[in-house]
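Trainee: A single structure is presented below for examination.
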Amino acid sequence: MDIENAKVQMRKGILEFCILKIISKGEVYASTMLSELTSAKIMVVEGTLYPLLTRLKNAGFLDYRWVESVSGPPRKYYLLTEKGQEFLTEMSLTWDELQASVNQISNASPQA
Numbered sequence: 001m002d003i004e005n006a007k008v009q010m011r012k013g014i015l016e017f018c019i020l021k022i023i024s025k026g027e028v029y030a031s032t033m034l035s036e037l038t039s040a041k042i043m044v045v046e047g048t049l050y051p052l053l054t055r056l057k058n059a060g061f062l063d064y065r066w067v068e069s070v071s072g073p074p075r076k077y078y079l080l081t082e083k084g085q086e087f088l089t090e091m092s093l094t095w096d097e098l099q100a101s102v103n104q105i106s107n108a109s110p111q112a
């Protein structure tokens, strides 16, 4: 098994959660999401982000609004819907449980 592939798969598994967490802080533009993900060392390209945002919107978790820009075309700012907030709350609980489980396994003493 290729370690780089394994790392990519682990990151993909939490990408949706991370995007929802970023948007939960308030309306956000896609390039801001990319910057925050990149600074957290979760490398994502626009070709991955935009289809995921579309899927989340189609599921009813996100909405967006267009804002005119003085330096170019209008920008699409994303925000969570009530359904999205409920989904994120459930995902957060699952993340906490998963993190605790992995930590327990990682920190367990070796079996004799």
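Letter by letter, the sequence shown follows residues 1 to 112 in the UniProt record's numbering. Don't be surprised by glycine CBs; every beta carbon is placed ideally from N, CA and C.
1. With a threshold of 9 Å between beta carbons, is Leu-93 in contact with chain B?
2. So, is Tyr-78 buried or exposed, given that buried needs 16 or more other C-beta atoms within 10 angstroms?
3. Can you name, in chain order, every residue of its own chain whose Cβ lies under 6 Å from the Cβ of Ser-31, other than the five neighbours on each side?
4. Report the three-state DSSP secondary structure of Ser-69 (helix, strand or coil).
5. Taking one C-beta from the stretch 60 to 68 and one from the stretch 79 to 87 each time, how about it: are there three or more such pairs within less than 8 Å?
6. Output the distance between the C-alpha atoms of Ser-24 and Gln-111, rounded to the nearest integer angstrom.
7. Is Pro-74 helix, strand or coil by DSSP?
8. Shortest alpha-carbon distance to Gly-84 belongs to which of Val-8, Gly-72, Arg-55, Glu-4?
Mentor: A quick look at the data gives this:
1. No chain B appears in this structure, which consists of one protein chain only.
2. buried
3. none
4. strand
5. yes
6. 42 Å
7. strand
8. Arg-55
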